[in-house]
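Taking the working numbering, the leading residue of the sequence shown gets 157, the next gets one more, and so forth. Heads up, the thing below is written out as structure tokens.
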Amino acid sequence: RAERILRTRIDEFGVAEPTIQKVGADRLIIELPGIGLEDESRAKTVIQQSAFLEFKLVLPVQEFQSNLARIDRQIVAALGVDSLRVLGRDVQGPTSEIENILFGGDAPDSTEIDVEDGEEEAVDLRPMTGLLASGDVEGTYLVATEDVDFLNLLLDLPQVQRAIPRNVALHWDVDLVGLGQRTYSRLYVTEGNAFVTGDMLEDAIAQRDPQFNQAQVAFTFNRAGGRRFSNFTTQHIGDYIAIVLDDEIVSAPVVQDRIGASGVINMGQADMTDAADLALVLRAGALPAPLEIMEERTVGPSLGQDSIDRGQIAGLIGMVAVIAIMVLYYRVAGVLAVFALGVYLVLVMGGLAAFGFTLTLPGMAGLILSVGMAVDANVLIFERVREELKLGRATRTAVDEGFAHALSAIVDANMTTLITAIILFQFGTGPVRGFAVTLSIGIVASFFSALYVTRSFFLIYLSGKKASDPISI
Numbered sequence: 157r158a159e160r161i162l163r164t165r166i167d168e169f170g171v172a173e174p175t176i177q178k179v180g181a182d183r184l185i186i187e188l189p190g191i192g193l194e195d196e197s198r199a200k201t202v203i204q205q206s207a208f209l210e211f212k213l214v215l216p217v218q219e220f221q222s223n224l225a226r227i228d229r230q231i232v233a234a235l236g237v238d239s240l241r242v243l244g245r246d247v248q249g250p251t252s253e254i255e256n257i258l259f260g261g262d263a264p265d266s267t268e269i270d271v272e273d274g275e276e277e278a279v280d281l282r283p284m285t286g287l288l289a290s291g292d293v294e295g296t297y298l299v300a301t302e303d304v305d306f307l308n309l310l311l312d313l314p315q316v317q318r319a320i321p322r323n324v325a326l327h328w329d330v331d332l333v334g335l336g337q338r339t340y341s342r343l344y345v346t347e348g349n350a351f352v353t354g355d356m357l358e359d360a361i362a363q364r365d366p367q368f369n370q371a372q373v374a375f376t377f378n379r380a381g382g383r384r385f386s387n388f389t390t391q392h393i394g395d396y397i398a399i400v401l402d403d404e405i406v407s408a409p410v411v412q413d414r415i416g417a418s419g420v421i422n423m424g425q426a427d428m429t430d431a432a433d434l435a436l437v438l439r440a441g442a443l444p445a446p447l448e449i450m451e452e453r454t455v456g457p458s459l460g461q462d463s464i465d466r467g468q469i470a471g472l473i474g475m476v477a478v479i480a481i482m483v484l485y486y487r488v489a490g491v492l493a494v495f496a497l498g499v500y501l502v503l504v505m506g507g508l509a510a511f512g513f514t515l516t517l518p519g520m521a522g523l524i525l526s527v528g529m530a531v532d533a534n535v536l537i538f539e540r541v542r543e544e545l546k547l548g549r550a551t552r553t554a555v556d557e558g559f560a561h562a563l564s565a566i567v568d569a570n571m572t573t574l575i576t577a578i579i580l581f582q583f584g585t586g587p588v589r590g591f592a593v594t595l596s597i598g599i600v601a602s603f604f605s606a607l608y609v610t611r612s613f614f615l616i617y618l619s620g621k622k623a624s625d626p627i628s629i
């Protein structure tokens, strides 16, 4: 499942012919050709992001507040008074700096309350409570940014995990809050279970907020998700709904009315590139487990330049050989076929450019193969024209009959090869798909050039001749 999700993300990211290989039970090798330094960090973000989206109800802080005393005791029992002293966390109550800023008064210089050594009892220590202050939004606490890492360590303690009610979850806000000279992070108290998850998303697109011109992601639920979202918001008008992405809250709007099957995620200060990447990973789905990059290498283009040069030389030699053989064997008709081959190459390159495909080494192999098929179609036509001339047909009649009789063989050969190319594209990976794409475009172009372009050149050639004049074929 992870391989399928990553392939969808990378394909939408626009990487030409990516390679994703499964190695062992829990490892993947991902090769992204053509990624520049600017897109490298974006690509890693798109690959690594779990993109697990949840919608949860924001609870009053009282749902968690009643458990703080027990949590503080569990922390003291787990770490010990001496350890808390060393860490500078032997505080006996909530800090007052943020309350002073929010509700008036002078803010102190420190968020800690100094306690003289030996005077405190273990039951009086409040290592977690001392880090939490009243939030500026309902259902939140404010935590100084320098205390966030320590609070996360406390929250990860098994004793603390057991003390937190199962129906309650804590999530950090992705945005910081500036108060006075310091910055703080919001800690939201939400329901433990989500009422809707990203599995019910049907689509997600990046757009700009028409009112504030900020980047946002508009999402649409499927029928089941839309019905559940609508029913829940109808029952919770006036409450806050937290939009949780990978365990962090990206937005927590208040429900002002019933919300149907669609909504938006405001990206704040993020740009449209970030919004587009978020929409991409939401459409592809969430990874079943976090992805960790164990090793990464950047290979410069010079290492593959020798192979590219050899491929170009091989293609050039092949083209010259084909042209020489066609001209020597079929004379003027061979020259006409060469001109038709030039039109064919223009059509192939135009098709590759129109669909945004990159011509790589496997693509060059597909191109050379399709050139051979284009020449083969001309050979079939010329041989049938020769047969008609030997039967005594007039020149124009022989040409018409030759094209008509060769049609079935050309269609059969091209259709069977095209079906094979489609199968390769559908079930192949990376280079195989590049080969299949180039081959498919080449087959369509060769069919058109053989039956229409070569025929048009032949008719132009015959227009200056009488019916009884011989032709060079």
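Glycine included, each C-beta is placed from N, C-alpha and C at the ideal position.
- Within 10 angstroms of the beta-carbon of ILE469 lie fewer than 16 other beta-carbons, which makes it exposed.
- When the Cα atoms are used, SER206 and ASN349 turn out to be separated by approximately 18 Å.
- Taking a C-beta distance under 9 Å as the contact criterion, LEU213 and GLU404 do not qualify as a contact pair.
- With distances taken between CA atoms, ASP556 lies nearest to PHE538 out of MET571, THR572, PHE538.
- Per DSSP, the continuous alpha helix (DSSP H) segment holding PHE604 begins and ends at 587 to 604.
- Residue environment: MET450 is assigned as exposed (fewer than 16 neighbouring CB atoms within 10 Å of its CB, all protein chains considered).
- Between the C-alpha atoms of ALA300 and GLY291 there is a straight-line separation of about 11 Å.
- For ASP413, the CB contacts under 7 Å within the same chain, skipping 5 residues up- and downstream, are ILE393 in chain order.
- Apart from the 5 residues on each side of it in sequence, GLU452 has no Cβ closer than 6 Å to any other Cβ in its chain.
- In this structure the segment 361 to 368 does not lie against the segment 380 to 397, because fewer than three pairs of beta carbons, one per stretch, are closer than 8 Å.
- Looking at ARG229, GLY598, LEU287, the one whose alpha-carbon comes closest to that of VAL502 is GLY598.
- By the neighbour-count criterion, in which 16 or more other beta carbons inside 10 Å mark a residue as buried, ALA442 falls on the buried side.
- Under the 8 Å Cβ criterion, the segment 372 to 379 does not count as touching the segment 324 to 341, having fewer than three qualifying pairs.
- Measuring C-alpha to C-alpha distances from TYR608 to each of MET571, ALA496, ALA509, LYS546 identifies ALA496 as the nearest.
- If you draw a straight line from the Cα of PRO366 to the Cα of ASN422, it comes to about 12 Å.
- Rounded to whole angstroms, the separation of the alpha carbons of SER628 and ARG487 is 6 Å.
- With a cut-off of 8 Å on Cβ pairs, the segment 582 to 594 is not in contact with the segment 556 to 570, counting fewer than three such pairs.
- Under the three-state reduction of DSSP, GLN412 is assigned to coil, being neither helix nor strand.
- By the beta-carbon neighbour count (other beta carbons within 10 angstroms, threshold 16), GLN230 is buried.
- Straight-line spacing of the CA atoms in ALA606 and ALA577 works out to 20 Å.
- DSSP places ILE627 outside any beta strand (DSSP E), giving it a letter other than H or E.
- ALA325 carries a strand assignment under DSSP once its states are collapsed to helix, strand and coil.
- Counting C-beta atoms within 10 angstroms of its own C-beta, ASP312 has fewer than 16 neighbours from the protein chains shown and is therefore classed as exposed.
- Non-local beta-carbon contacts of ILE185 in its own chain, meaning distances under 7 Å to residues more than five positions away in sequence, involve GLN177, VAL179 in chain order.
- Listed in chain order, the non-local C-beta contacts of GLY507 below 7 Å within the same chain comprise ILE597, ALA601, local neighbours out to five positions each way being set aside.
- A Cβ-Cβ contact shorter than 9 Å links VAL217 with VAL345.
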